[in-house]
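Number of protein chains: 2
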Amino acid sequence: MIKSGKRSSSAVEDYLERIQELIDSKGYARVVDIALSLGISQASVTNMVKRLDAEGFVKHERYRGLILTDEGRAIARAVIDRHRILTEFLRLLGISESEVERDVEGMEHHLSSSSLGAIESLCRELTSNRELLQKVRSGMK
Amino acid sequence: MIKSGKRSSSAVEDYLERIQELIDSKGYARVVDIALSLGISQASVTNMVKRLDAEGFVKHERYRGLILTDEGRAIARAVIDRHRILTEFLRLLGISESEVERDVEGMEHHLSSSSLGAIESLCRELTSNRELLQKVRSGMK
DNA sequence: TAAAGAAATTAGCCAAGGCTAATTTTTATG
DNA sequence: CATAAAAATTAGCCTTGGCTAATTTCTTTA
Ligand SMILES: [Mn+2]
Ligand SMILES: [Mn+2]
Ligand SMILES: [Mn+2]
Ligand SMILES: [Mn+2]
Chain A
1 MIKSGKRSSS AVEDYLERIQ ELIDSKGYAR VVDIALSLGI SQASVTNMVK RLDAEGFVKH
61 ERYRGLILTD EGRAIARAVI DRHRILTEFL RLLGISESEV ERDVEGMEHH LSSSSLGAIE
121 SLCRELTSNR ELLQKVRSGM K
Chain B
142 MIKSGKRSSS AVEDYLERIQ ELIDSKGYAR VVDIALSLGI SQASVTNMVK RLDAEGFVKH
202 ERYRGLILTD EGRAIARAVI DRHRILTEFL RLLGISESEV ERDVEGMEHH LSSSSLGAIE
262 SLCRELTSNR ELLQKVRSGM K
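As they're listed, the protein sequences go chains A and B.
Residues 1 to 141 in the working numbering are what the first sequence lists, from first letter to last.
Residues 142 to 282 in the working numbering are what the second sequence lists, from first letter to last.
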C-alpha cells in the first residue's frame, strides 16, 4: 500500500528542489543559502521551513540544520527529474538559455509522469536523429 | 512602439481564456457562466471581473455585461493558442485525455512564444511522419 | 572570553485568490 | 403588474506565500 500524497504547490516543490540541490552540492542546506539562491528573504524561508516540517517534508531543529524526509526527498527528486528533462527538451529545440530557464521553472510543476516519459522518449529520438532535429528547428518562425 | 504589458498571473489568464471561449461559443460571457465553467463561486468571479476591469482587460457594467478590451483579447487569444498547441502535442504523444487536460491547464501559463513555435513545428513533423511518431510512442515506459 | 557579526527567528504587515452568507438588482412568469 | 426566481454584488472571512524590522541565538575573532 502506497500513501497517495496530496499535490504539493509549486512553491513547496521549488523549495524542496532547491534544498536537495544544495545538499547535493555542499552537503547541507542553510536558511540563508536557500534564501539567496531562490531570491527571497530569510524570513520567508524560515516560515516555509516551518511549514515543510509540519507537513513532514523536512526535519528541522531550530537554529540548527535541516534534512529532507523520505517523502520530501521523493518529491525533490521528481521535480529535479522533470526540470532536467524539460531543460534538455527545450535546449534541443534551440530555445535561448534564459527562456529555457523561465519556461522550465514554471512548467516543471505541471507535468504528469506520462507526459514526462513521452518527452524523454522524444528527446532520445531528437538526439539520435540529427536530420530530424534540423528539420524541426528549421520549421520554427 | 508596443506597450510591454506586465506578466499576467495564471488565474488572470484562465479567466480571460474562458471569457473569450464563452464569447466565441455563445456570444456573451455572464458571471454565472464563468463561475460554472471554471468551477468557482459567482462571488469570486465578480471580484476578479472587478480586478480585470481595473487593470484594463475587460469593460464591465455593473449588473450588466462584460466585454474584453483589445489588450484582454490579445492575452486571451495567446493563452488559447498555447492551450491548443500543447493539447495537440500531448495527444500526439498518446497521453490520456484527463492527463492532457490537467497538464495543459498548468503548462499553458509558462510557455514562451519561442517554445510554443518549436513545439508547433514538432507537432507538424510528428503528424506528417507516422513512423517517427510510432517510434517515439514505443520508447515510453 | 567578550564583543561583533552572521544566521535564524519572530512579529506584524500585505496582495492574490479562494470561500459562504446576506443583500440587491434584473428577469421571467402567473 | 406583482412577485418569484435568477443573477450579480457586497461583506467578511481564510490560506498561501511574499515582505521589512526587530530580536534572538550561534559563531568567529580580537
Ligand atoms: Mn519551479
Ligand atoms: Mn526547477
Ligand atoms: Mn490554465
Ligand atoms: Mn487553458
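Backbone N, C-alpha and C fix where the C-beta goes; we use that ideal spot for every residue, glycine too.
Since we're looking at a predicted model, the values are computed, not measured.
- Put simply, the residues with a CB less than 7 Å from any heavy atom of ligand 3 are B:Ser151, B:Glu154, B:Asp155, B:Glu158, B:Glu246, B:Gly247, B:Glu249 and B:His250, in chain order.
- Residue contact check for Leu93 of chain A against chain B: a CB pair falls below 8 Å.
- If you look at Ile67 of chain A, you'll find it in the beta strand (DSSP E) that goes Leu66 to Leu68.
- For Lys141 of chain A, there is no enclosing beta strand (DSSP E), as DSSP marks it with neither H nor E.
- No heavy atom of ligand 4 is found nearer than 7 Å to the CB of Val241 of chain B.
- Ranked by how close their Cα comes to the Cα of Leu16 of chain A, the residues A:Val100, A:Arg62 and A:Met48 have A:Met48 in first place.
- Exclusion of the five residues before and after Leu132 of chain A leaves Glu125 and Leu126 as the residues of its chain whose Cβ lies within less than 8 Å of its Cβ.
- Taken atom to atom, the span from the alpha-carbon of Ile40 of chain A to that of Lys167 of chain B is near 44 Å.
- Judged by DSSP in its simplified three-state form, His201 of chain B adopts strand.
- Per DSSP, reduced to three states, the secondary structure at Lys50 of chain A is helical.
- At a C-beta separation below 8 Å, Asp14 of chain A has no neighbours in chain B, since its nearest C-beta there lies roughly 13 Å away.
- Only buried fits Asp244 of chain B, as 16 or more other CB atoms lie within 10 angstroms of its CB.
- Linking Leu257 of chain B to Val186 of chain B through their CA atoms gives a straight-line distance of about 29 Å.
- At a cut-off of 8 Å between beta-carbon atoms, Val277 of chain B makes contact with chain A.
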